[in-house]
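Here the structure is laid out as structure tokens; the discussion comes afterwards.
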Amino acid sequence: MPPVLRTERLLLEPYVPEDEEGFVALFQDTRVSRWMGDGPTTEAEDRALFGRIFSKVYAGGLFDVWAVRRDGLLVGHAEIKRTEETGGHEIIYALAPGAWGSGLGTEIAEAIVAYGFGTLGLAEVHATVADPNTASLALLERIGFTHVRDVREDDGSTTRVLTRRRDPAV
């Protein structure tokens, strides 16, 4: 199970079964899911994904996945995992639209990056972002990620790969 991470306003902690409805609601919101993976999926697929967090990810210790809470309410999702796309560890985060624009996305991303550098001992972390997702691209650039390459997707769209390297003095 992933450890609990705390930021100024957020708690990142392992999901519990009671989070299913909030998880599904987050991923069924197309303003969020359009930027996640291959885009929006069915409610049944999101429920199956939630189940796999317990049956595969947590049970097998595959990678770290967190429910993101503010004042006890589920407001987002966070992960760090090794991916072939980046050739290293990628951070993934999503935030409910009601929490956009308040700096919480920055808190999530910084917490996951710090965990990757500190606890996991990584020298660098990566993120993949759809080119039109300017908010996420700007957030990542603000916290020290740099664009390293583009990936042309099968549908003709572009995904940007960004990397942040650990400060060698740390």
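Take 1 as the starting number for the sequence shown in my numbering and just add one per residue. Idealized CB from N, CA, C, for every residue including glycine. Bear in mind the structure is a predicted one, so any value in this text is a computation, not a measurement.
(request) Would you mind reading off the limits of the alpha helix (DSSP H) that contains residue 127? (result) Run containing residue 127: none in the alpha helix (DSSP H); it sits in the beta strand (DSSP E), 124-130.
(message) Helix, strand or coil, according to DSSP, for residue 90 in the structure here?
(response) strand
(request) Kindly indicate the opening and closing residues of the alpha helix (DSSP H) around residue 158. (result) First-last for residue 158: 158-165, but that is the beta strand (DSSP E), not the alpha helix (DSSP H).
(request) List the endpoints of the continuous alpha helix (DSSP H) containing residue 79. (result) Here residue 79 belongs to no alpha helix (DSSP H); instead the beta strand (DSSP E) covers 73-83.
(request) Take residue 110 and list the residues in its own chain whose beta-carbon comes closer than 8 Å to its own, dropping the five residues that flank it on each side. (result) 7 and 143
(message) Taking the beta carbon of residue 65 as the centre, do at least 16 other beta carbons fall within 10 Å, making it buried, or is it exposed?
(response) buried
(request) Would you mind working out which of 73, 34, 23 and 27 sits nearest residue 11, comparing C-alpha positions? (result) 73
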